[in-house]
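1 is the number of the first residue of the sequence shown in the working numbering; add one for each residue after it.
Glycine included, each C-beta is placed from N, C-alpha and C at the ideal position.
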Amino acid sequence: MRPPVRDLAGKNVFVTGAASGIGRAVALQAAREGAVLHLTDIQAEQLAAVAEEATAAGARVAVAEAADITDHDAVRRLASLVTDTSGAMDVVLNVAGIAIWGTVRGLEHEHWRSLVEVNLMGPIHVIEELVPPMIDAGRGGQLVNVSSAAGIIAMPWHAAYSATKFGLRGISEVLRYDLRRHRIGVTLVAPGGVDTGLVQTIRIAGVDSNDRRFRRARKRFQAHAVTPEKAAEAIWKGVRRNKYWVYTSVDIRLVHLLQRYFPPGYAAAMRVFSWGAHRVLPAVDDARRSDLR
1 MRPPVRDLAG KNVFVTGAAS GIGRAVALQA AREGAVLHLT DIQAEQLAAV
51 AEEATAAGAR VAVAEAADIT DHDAVRRLAS LVTDTSGAMD VVLNVAGIAI
101 WGTVRGLEHE HWRSLVEVNL MGPIHVIEEL VPPMIDAGRG GQLVNVSSAA
151 GIIAMPWHAA YSATKFGLRG ISEVLRYDLR RHRIGVTLVA PGGVDTGLVQ
201 TIRIAGVDSN DRRFRRARKR FQAHAVTPEK AAEAIWKGVR RNKYWVYTSV
251 DIRLVHLLQR YFPPGYAAAM RVFSWGAHRV LPAVDDARRS DLR
């Protein structure tokens, strides 16, 4: 299919999680390319600051409205505001998400549920409310879902997080073909390490974040992570080419190829990866876990 969105000048762009990290970076890059922005995030003050920054860059910010994407009614109201203001979107980017990692013993039920509500049901709410107007408008467009490396491979401690990111990958895989007849492309983003503010506040259930080994591992992660701006560049390049898979770093592309074309090598690598993680991030015992809640 010919790429439906080959430039952003004058295009209606909707971004969740726009107050920080990758969401902020994709919004500001779209601003510089002349897009009409429709931004949301749960953090109202930071969202307002990004809207001001985008306006200063010469963009038109049609909507910048704080909303909780886990609340379907709130997303429905936001979608009505957006479409009443600007009509159908040309690009919808599901970027907002949270990260909680941990072992099966460390994770609590509320961790699993909150991840599903934000990372999976949140994007579903957005798709439910904003994609049908795109279909009705009949001019095509692009849906961008930000998954994760954890939506591809068996990353240690990521069972709950991966459940949501694999789920978003499944939705994207189906919509990739379902929406094709409407000239709406689907892009699935699989970021590896991205150095966002989330790195400093990451929650790992059952792991002492003050442990020296944990802090050292976090520093190593940041040293190899790409910036949100680099991730945003990869995303917009993928959109303009109507690419389905978009990787933000070479390592994730390579391990995905290993998984697909040499499964024994992939399995061996994941065993080593898991073993190493449990050495670097030792779980606290049950007696101490209650003190960390």
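When burial is assigned at 16 or more other CB atoms within 10 Å of the CB, is His109 buried or exposed?
In the sequence shown, the residue the question calls residue 109 occupies position 109. Within a 10 Å sphere around the beta-carbon of His109 sit fewer than 16 other beta-carbons, which makes this residue exposed.
Going by C-alpha distance, which of His72, Leu257, Ala27 is nearest Ala51?
The residue you call residue 51 lines up with position 51 of the sequence shown. The residue with the shortest Cα to Cα distance from Ala51 is Ala27.
Below 6 Å CB to CB, which residues in the same chain sit around Ala79 once its five sequence neighbours on both sides are set aside?
As a first step, residue 79 must be located in the sequence shown, where it is residue number 79. Cβ within range, chain order: Glu129, Leu130.
Integer Cβ distance of Ala190 from Ser148, believed to fall under 8 Å
By one-based count along the sequence shown, residue 190 stands at place 190. By one-based count along the sequence shown, residue 148 stands at place 148. Correct: roughly 6 Å between the Cβ atoms.
State the Cα-Cα distance for the pair Thr70 and Leu37, rounded to the nearest angstrom.
In the sequence shown, residue 70 corresponds to position 70, counting from 1. In the sequence shown, residue 37 corresponds to position 37, counting from 1. Each residue's alpha carbon lies about 21 Å from the other.
Closest by CA to Trp101, which one among Ala154, Arg260, Ala56, Asp136?
Looking up residue 101 in the sequence shown gives position 101. Taking each of Ala154, Arg260, Ala56, Asp136 in turn and checking the Cα distance to Trp101, the smallest one comes out for Ala154.
Cβ separation of Glu45 and Ala9, assumed to be a contact under 8 Å, to the nearest whole Å
Position 45 of the sequence shown, counting from 1, holds the residue named residue 45. Position 9 of the sequence shown, counting from 1, holds the residue named residue 9. Rounded, the Cβ-Cβ distance is 30 Å, inconsistent with contact.
Please classify Trp275 as buried or exposed, where buried requires at least 16 other C-beta atoms within 10 Å of its C-beta.
In the sequence shown, residue 275 corresponds to position 275, counting from 1. Here Trp275 is exposed: its Cβ has fewer than 16 other Cβ atoms, across all protein chains shown, within 10 Å.
DSSP has Trp245 in a bridge; who is on the other side?
Residue mapping note: residue 245 aligns to position 245 of the sequence shown, counting from 1. According to DSSP, Trp245 bridges with Leu188.
Do you know how far the Cα of Ile124 is from the Cα of Thr103?
As a working note, residue 103 is residue 103 in the sequence shown. As a working note, residue 124 is residue 124 in the sequence shown. Taking the straight line from one Cα to the other gives about 27 Å.
Inter-residue Cα distance where the pair is Thr55 and Val63:
The residue labelled residue 55 in the question sits at position 55 within the sequence shown. The residue labelled residue 63 in the question sits at position 63 within the sequence shown. Cα-Cα distance, rounded: 12 Å.
Three-pair Cβ contact test at 8 Å for the segment 222-239 versus the segment 165-174
Proximity of the segment 222-239 to the segment 165-174 falls short of the contact definition, fewer than three beta-carbon pairs being nearer than 8 Å.
Specify the secondary structure class of Arg180 as computed by DSSP and reduced to three states.
Counting from 1 along the sequence shown, the entry for residue 180 is found at position 180. It is helical.
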